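According to the numbering used here, the stretch in the sequence shown is residues 2 to 202, in order. Note that CB positions come from ideal geometry on N, CA and C, so glycine has one too. Note that the structure is a prediction, hence the values are computed from the model and not measured.
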Amino acid sequence: MSPLRVAIMIGLGILSTTGHSEPLPTTMNADILIQASATQITVTHVSLEAKVDFESFTRHLEASLGRFDPTSLKALLQTDPASADARLAQMEGDQGLMIFSMQNHGVLLNLAGTRRHAMRYNIGNPRVALRMTRHDIRAGLYAPLSVLVYEEAPRVVRVEYDQPSTLFGQFGDADVTAVGRELDIKLAKVVEHAAQLAARP
Numbered sequence: 002m003s004p005l006r007v008a009i010m011i012g013l014g015i016l017s018t019t020g021h022s023e024p025l026p027t028t029m030n031a032d033i034l035i036q037a038s039a040t041q042i043t044v045t046h047v048s049l050e051a052k053v054d055f056e057s058f059t060r061h062l063e064a065s066l067g068r069f070d071p072t073s074l075k076a077l078l079q080t081d082p083a084s085a086d087a088r089l090a091q092m093e094g095d096q097g098l099m100i101f102s103m104q105n106h107g108v109l110l111n112l113a114g115t116r117r118h119a120m121r122y123n124i125g126n127p128r129v130a131l132r133m134t135r136h137d138i139r140a141g142l143y144a145p146l147s148v149l150v151y152e153e154a155p156r157v158v159r160v161e162y163d164q165p166s167t168l169f170g171q172f173g174d175a176d177v178t179a180v181g182r183e184l185d186i187k188l189a190k191v192v193e194h195a196a197q198l199a200a201r202p
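Here you go:
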């Protein structure tokens, strides 16, 4: 068994079951009519556990990923899409992924009088998202992806996220689902790589 498989245990759980669409209450005033519906979908939740130090793991995770910087893109997207695409490619990190934003949920717990190590990352790639949204714009709901990293116990880190292929698979588009499966692998590899580096003496 590889050191990686020893270091990381994967747990899968179903959040909800596939169901049917049903109408929601309709809101109406003199000028606006809103019709809404809800659909239950099947989402697989992934939980990865690594026996490594939290600070070391998050440091390696952040170092391996690129950073999304929109400041130079707005004008380029309107005037020179090819240059914008090249600029986005330069932002890519391990597995072609980049961090869009980070939220320190552990520090937020100070408001409740407690504190723990917990970071939420929004991870993705606009160029990868485009491969899905060009087929179904609704895929933009889950791009970038949300990943939570927290310390379960001393030298025990958990990484949790909803499996991309099940999020994007709900739209019933083969091209979108295929990209979702690629993201399943990319996210797992990024986590595995960070865990391997954090486990080194």
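The residue from A83, R182, A195 with its alpha-carbon nearest to that of D163 is R182.
For H61, the secondary structure class from DSSP, reduced to helix, strand or coil, is helix. Shown here for M92: same chain residues with a beta carbon closer than 7 Å to its own, the five before and five after excluded, namely G67, R68, F69, D70, M99 in chain order. By the Cβ neighbour-count rule, T59 is buried, with 16 or more other Cβ atoms within 10 Å of its own.
Here the alpha carbons of N111 and S65 stand approximately 29 Å from one another.
Counting C-beta pairs closer than 8 Å gives three or more between the segment 114 to 123 and the segment 140 to 157, which meets the contact rule. In its chain, beyond the 5 residues on either side, L49, V160 have a beta carbon closer than 6 Å to the beta carbon of V192. P82 counts as exposed, since fewer than 16 other C-beta atoms from the protein chains shown sit within 10 angstroms of its C-beta.
By the Cβ-count criterion, L89 is buried, with 16 or more other Cβ atoms from all chains shown falling within 10 Å of its own Cβ.
Excluding the 5 residues flanking it on each side, A85 has same chain C-beta neighbours closer than 8 Å at L74, L77, L78, in chain order.
Per the coordinates, the alpha-carbon of I186 lies some 9 Å from the alpha-carbon of Q96. Taking 8 Å as the upper bound for CB-CB distance, L146 and P165 are in contact here, some 6 Å apart. According to DSSP, M103 shares a beta bridge with Y122.
Here T40 carries a strand assignment [DSSP, helix/strand/coil]. Per DSSP, reduced to three states, the secondary structure at D95 is helical.
In this structure, A200 sits away from H61, with a CB-CB distance that is not shorter than 7 Å.
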